[in-house]
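S.K.: Residue numbers (our numbering), protein chains in the order written: chain S, 1 to 247; chain E, 1001 to 1111. All C-beta atoms in this analysis are idealised placements derived from N, C-alpha and C, irrespective of residue type, glycine included. Nothing here was measured: the structure is a model prediction, and the numbers come from that model.
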Amino acid sequence: MKSFRTDLHIHTVLSPCGDLEMSPLRIVLLAKERGLDIIGITDHNSTRQCKVVWELGQKAGLTVIPGCEATTREEVHCLTLFPDFDALNEFQDFLDMHLTIIPNEASLFGYQVVVDEDENILEEFHNYLGASLDISVEEVEQKVHELSGIFIPAHIDRPRNSLFSQLGFFPPELKVDALQISKLAEEIAVRQKYWIKPDITLVKFSDAHYPEDLGKTYTIFEMEEPSFAEIRRALKGEAGRKVIIPQ
Amino acid sequence: MKVSEIVEKLDLKVYSGRKGLDREISGGYVSDLLSDVMGNAQEGEVWITLQVHQNVMAIASLKDLAAVILVNNLEPHENTVRHSDDENIPVLGTSLSTFEISGKLYQLLNQ
C-alpha cells in the first residue's frame, strides 16, 4: 500500500465565493508544490471547471477527481465526485435541470467564470451558483450513486449548510460514502457530538476558496494507486486500504 | 386552543396526521434549521417552517409538538406524510409566507 495526500473539496474561480486567484493552473501548481497527490474539484452546483483542471493535472502528474459541491433543497452541502466525464456530464445536466434560477449579482456574490489553462476567461455564468437545487438530499444522493459516483456530505460540523445543522440528525434512508469534517474539527469530538456510527468513514478536506488554504488540510488515503476506484475502496476500508486524518 | 381551531381560523390545509387535530397548542416556534428546533422548541408548540423533509416529523415527535405548518404552498415529502400519520402530529399548509402566518398565529394565540 502507498500513502496519498488527498483533498477532495476545492473551489475554483467558478464558485462565486472562490477567489479569482483560484485558477486551474494555480491550483495544480500549488497542489503539487505543497505535496498533495489527489485533489477534487468541487465548485458550488457546477462541474464546468473540472475538465481544465483535470487536463493540467494529467500533465503535472496530479490526480484530479471531478465533481461539485451540491446544495440540496434543505440547503445541505454535499460533495459529489465522479469516475469519468460521461458521468460528470450527466450530473451536470441534472444540476441544470434542478438549480433554482436566481440571477447572480457579481458585485455582491462574486464572479462566476470558467477559465482555460492560461487563465483566459472562457465563459461567465449568470445564474447564481450558490442557490439551492429543488430536490432533497436523498434525491441528490440517489442520482450520484446511479452514476457510480461518491457522495460525501460536506463540513458536517459547521453550524450552517451541514447535514446536521439543516436536518438535525442523520436521515435514516441516506447512503453516504463518508462524511467530511472541516479543517479545525477533531474526528473523535465530531463522532461523539453527532453520534456517528463507527462504520461511517470520516474524512477531512480543506474546502479551499483561496490559494493559502491549499495543502494544509488533507486526509491520507492508504491504497494501491491514486484512482477513483481505489478511493472508493479506501473509503470502505477494503482489503487493508484505509483513510487517516492527520492529528 | 386546539390545532383544529387554528386550521379553521387561519384557513390551513391539512396534509396529514388528522388524528392529532385535537392536540392542545402551547405556543409557536419558527425556524428552518432542524438542529435549532431540536434544541429550542417547546412541547405543544406549532412549528412554522419551509422544510418538507421527513426529519421534520421525527423532530416534531421528539419535541412533542402540536403541529407543523408549511409555508409558501410547500407540500410535505411522502415520507413526511407517512410519519405524520404514524405519529398523529398534523402537517398543515398555507399559501402565506412565514412572516404573515407567524403574525396571524401570534395574534390568534394571544387574543
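Whose C-alpha, out of Tyr1106(E), Ala1066(E) and Ser1095(E), is nearest the C-alpha of Ser1004(E)?
M.R.: Position 4 of the second sequence, counted from the first residue, corresponds to residue 1004(E). For Ser1004(E), the nearest C-alpha among the options comes from Ala1066(E).
S.K.: Is there contact between the region 160–169 of chain S and the region 98–113 of chain S, where contact requires at least three CB pairs shorter than 8 Å?
M.R.: Fewer than three Cβ pairs drawn from the region 160–169 of chain S and the region 98–113 of chain S lie within less than 8 Å of each other, which leaves the two stretches out of contact.
S.K.: What is the C-beta distance between Ser15(S) and Leu129(S), in whole angstroms, given that I count them as a contact (C-beta under 8 Å)?
M.R.: Indexing the first sequence from 1 puts residue 15(S) at position 15. Indexing the first sequence from 1 puts residue 129(S) at position 129. Contact flag correct, Cβ pair sits at about 7 Å.
S.K.: Answer yes if the region 1046–1059 of chain E comes into contact with the region 224–237 of chain S, meaning at least three C-beta pairs across the two stretches below 8 Å, and no otherwise.
M.R.: no
S.K.: Would you list the one or two residues that DSSP bridges to Gln180(S)?
M.R.: Here residue 180(S) refers to the residue found at position 180 of the first sequence. Answer is Val203(S).
S.K.: Based on the DSSP secondary-structure assignment, which residues constitute the bridge partners of Leu1070(E)?
M.R.: For the purposes of this step, residue 1070(E) is identified with residue 70 of the second sequence, where counting begins at 1. In DSSP, Leu1070(E) forms a bridge with Thr1049(E) and Gly1093(E).
S.K.: Assuming Thr12(S) and Phe221(S) make a contact with CB atoms under 8 Å, what is their CB distance in whole Å?
M.R.: For the purposes of this step, residue 12(S) is taken as residue 12 along the first sequence, with counting starting at 1. For the purposes of this step, residue 221(S) is taken as residue 221 along the first sequence, with counting starting at 1. No, Thr12(S) and Phe221(S) are not in contact; Cβ-Cβ is about 22 Å, not under 8 Å.
S.K.: For a minimum of 3 consecutive residues, which ranges assigned as the beta strand (DSSP E) are wholly contained in the region 208–236 of chain S?
M.R.: The region 208–236 of chain S is shown to contain whole beta strand (DSSP E) runs of 3 or more residues at 219–223, in chain order.
S.K.: In chain B, what lies closer than 7 Å to Leu167(S) by C-beta?
M.R.: You won't find chain B in this structure, because its protein chains are S and E.
S.K.: Counting only the same chain and skipping the five closest in sequence on each side, list residues whose C-beta sits under 7 Å from that of Glu75(S).
M.R.: If you number the first sequence from 1, residue 75(S) lands on position 75. Hits under 7 Å: Ser132, Asn161 and Gln166.
S.K.: For the alpha helix (DSSP H) holding Asp1036(E), just list the boundary residues, first then last.
M.R.: Locating residue 1036(E) in the second sequence gives position 36, where the first residue counts as 1. Leu1034 to Asn1040 is the extent of the alpha helix (DSSP H) around Asp1036(E).
S.K.: By the three-class DSSP mapping on this structure, what secondary structure does Gly1044(E) have?
M.R.: Counting from 1 along the second sequence, the entry for residue 1044(E) is found at position 44. Annotated three-state conformation of Gly1044(E) is coil, per DSSP.
S.K.: Would you say Met1001(E) reaches chain S, if we count a Cβ-Cβ gap shorter than 8 Å as a contact?
M.R.: Within the second sequence, residue 1001(E) is the residue found at index 1, counting from 1. Residue contact with chain S for Met1001(E): absent (no Cβ-Cβ distance below 8 Å to any residue of chain S).
S.K.: Could you tell me whether the Cβ of Val1068(E) comes closer than 8 Å to any Cβ of chain S?
M.R.: Taking the second sequence and counting its residues from 1, the one referred to as residue 1068(E) is at position 68. It does not; no Cβ of chain S falls within 8 Å.
S.K.: Between Lys242(S), Phe4(S), Ala234(S) and Leu25(S), which has its C-alpha nearest Asn120(S)'s C-alpha?
M.R.: Reading the first sequence from its first residue, position 120 is the one you call residue 120(S). Ranking the options by Cα distance to Asn120(S), first place goes to Leu25(S).
S.K.: Quick check: what's the CA-CA separation for Ala234(S) versus Leu88(S)?
M.R.: Taking the first sequence and counting its residues from 1, one reaches residue 234(S) at position 234. Taking the first sequence and counting its residues from 1, one reaches residue 88(S) at position 88. Straight-line Cα distance between these residues: approximately 21 Å.
S.K.: Is any beta-carbon of chain S found at less than 8 Å from that of His1083(E)?
M.R.: In the second sequence, counting from the first residue as 1, residue 1083(E) sits at position 83. Judged by the 8 Å Cβ criterion, His1083(E) is not in contact with chain S.
S.K.: What three-state label does DSSP hand Ser1061(E) in the structure shown?
M.R.: Numbered from its first residue, the second sequence carries residue 1061(E) at position 61. Correct three-state label for Ser1061(E): helix.
S.K.: Measure from the alpha carbon of Leu95(S) to the alpha carbon of each residue in His44(S), Gly40(S), Pro246(S) and Asp177(S), then state which is nearest.
M.R.: Numbered from its first residue, the first sequence carries residue 95(S) at position 95. For the residues His44(S), Gly40(S), Pro246(S) and Asp177(S), the minimum Cα distance to Leu95(S) belongs to His44(S).
S.K.: For the region 164–195 of chain S, which residues have a beta carbon sitting closer than 7 Å to at least one beta carbon of chain E?
M.R.: Phe164, Ser165, Gln166, Leu167, Gly168, Phe169 and Pro171
S.K.: Only counting runs of 3 or more residues, tell me where the beta strand (DSSP E) segments fall wholly within the region 55–126 of chain S, in order along the chain.
M.R.: 63–71, 77–81, 113–115 and 121–124
S.K.: Residues of the region 125–147 of chain S in Cβ contact with chain E at a cutoff of 8 Å, in chain order, please.
M.R.: Ser136 and Val137
S.K.: Which of the residues in the region 58–76 of chain S, read from start to end, lie with their CB under 7 Å from any CB of chain E?
M.R.: Glu74
S.K.: Mind checking if Ile1059(E) is an interface residue toward chain S, Cβ cutoff 8 Å exclusive?
M.R.: Numbered from its first residue, the second sequence carries residue 1059(E) at position 59. Yes, Ile1059(E) counts as interfacial toward chain S.
S.K.: To the nearest angstrom, how far is it from the Cα of Ser1097(E) to the Cα of Gly1028(E)?
M.R.: Taking the first residue of the second sequence as position 1, residue 1097(E) is located at position 97. Taking the first residue of the second sequence as position 1, residue 1028(E) is located at position 28. Taking the straight line from one Cα to the other gives about 15 Å.
S.K.: What residues from chain S crowd round Val1037(E), counting only those whose CB sits closer than 9 Å?
M.R.: Against the second sequence, residue 1037(E) aligns to sequence position 37. Within chain S, the residues near Val1037(E) are Gly168.
S.K.: Report all residues from its chain with a CB closer than 8 Å to the CB of Gln1128(E); omit the five preceding and five following residues, and keep chain order.
M.R.: Lying before the first or after the last residue shown, residue 1128(E) is absent from chain E, which here runs from 1001 to 1111.
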